[in-house]
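The structure under discussion appears below in the form of structure tokens.
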Amino acid sequence: MNELALVGVTKAYNHGRPNEVTVLQGVDLSVAAGEVVALVAPSGAGKSTLLHIAGLLDTPDEGTVTLGGQDMTRLADRRRTEARRREVGFIYQFHHLLPEFSALENIVLPQLANGVTAAEADARAMSLLETVGLGPRAQHRPGALSGGEQQRVAYCRALANAPRLLLADEPTGNLDPGTSDVVFSALMDLVRGTGLAALIATHNLELAARMDRVVRLDAGRIAA
Ligand code: ADP
Ligand code: ADP
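Put into structure tokens, the structure is as follows:
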């Protein structure tokens, strides 16, 4: 089953004004459960807009967005926010960890906000950290971790609430190439361990080649 399906998605900004710009022009894109798809796009192609629509942060002008078989396109804002918190994990180029909390706490907090008990949240956070080789770093604050370690903690946090869909925008973008390689392997271990659907935007063609499929976005269209 396709966990994520975008069908005929169009999006423009500045509707009806002289500076109206059509960013997405009939995008069809599906990601199956357990599939890791690379999204490669030149700057300005509409990558951020596409990720925001797929992640239920924004809505298309036309077309549909289906997540886990449910049409999310015309949900009321509050319902869409609930669905996003439940179903979608986000990873960015920069980790955005909370500096006052330990690595473990950064992964526990989103689970507590979701109603998971402290004991369960701790156990899940620890197991995620162990998957990425950071068990011994669990009590460190982000400032005491290397850039690659911080990024791995952010991956664990994105998966804390077991989302259906993982969206990542240049998940190793701020790391040097050697570190990037190791840290990307950790991300793949996490994703492979859960069977979720992942859409990972990257300019790094070597990383893209390690994913299941590469999709190219060019001038608002998926290129063949
Ligand atoms: P990418 O992430 O591929 O660089 P974006 O989706 O951010 O592309 O943007 C695609 C195009 O849409 C760009 O030309 C950008 O200037 C324009 N754009 C993005 N967001 C807005 C907005 N909120 N208002 C107007 N134009 C926007
Ligand atoms: P919280 O549950 O902390 O209120 P939100 O529901 O606002 O968080 O956001 C859930 C996820 O969506 C977070 O991972 C956050 O980084 C991401 N997010 C929220 N708003 C935006 C935005 N405008 N642009 C990019 N990502 C966002």
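The opening position of the sequence shown corresponds to residue 1 in full-length UniProt numbering, with each subsequent residue numbered one higher. Even for Gly, the Cβ is constructed at its ideal location relative to N, Cα and C. None of these values were measured; they are calculated from a predicted model.
Rounded to the nearest whole angstrom, the C-alpha separation of residue 115 and residue 194 is 21 Å. Between the alpha carbons of residue 37 and residue 24 lies a gap of roughly 19 Å. Residue 183 places its beta carbon 8 Å or farther from that of residue 210. Closest by C-alpha distance to residue 162, out of 137, 176, 121, is 121. Taken through DSSP and simplified to helix, strand or coil, residue 10 comes out as strand. Under the criterion of beta carbons closer than 8 Å, residue 164 and residue 197 qualify as touching, at roughly 6 Å. Cβ neighbours of residue 5 within its own chain (closer than 6 Å, five residues either side excluded): 30, 66. Counting only residues whose CB is nearer than 6 Å to a non-hydrogen atom of ligand 1, the list in chain order is 13, 14, 21, 23, 41, 43, 44, 45, 46, 47, 48, 49.
Going by C-alpha positions, residue 173 is about 31 Å away from residue 62. In the displayed model, residue 98 falls within coil according to three-state DSSP, outside both helix and strand. At a Cβ-Cβ threshold of 8 Å, residue 139 and residue 102 count as neighbours.
Here residue 128 is not near residue 167, since their CB atoms are 8 Å or more apart.
Distance from residue 46 to residue 217 at the Cβ level is roughly 6 Å; contact confirmed, criterion being Cβ atoms closer than 8 Å. In the DSSP assignment, residue 151 falls within the alpha helix (DSSP H) that extends over 147-158. Rounded to the nearest whole angstrom, the CA to CA distance from residue 185 to residue 26 is 33 Å.
Note that the C-beta distance between residue 190 and residue 159 is below 8 Å. Going by DSSP, residue 49 is part of the alpha helix (DSSP H) stretching over 47-54. Check the Cα spacing between residue 52 and each of 176, 201, 21, 68: the tightest is with 201.
Here the C-alpha atom of residue 219 lies approximately 13 Å from the C-alpha atom of residue 9. The beta carbon of residue 72 sits closer than 7 Å to those of 56, 65, 66, 80, 83, all from its chain and outside the five residues before and after it, given in chain order.
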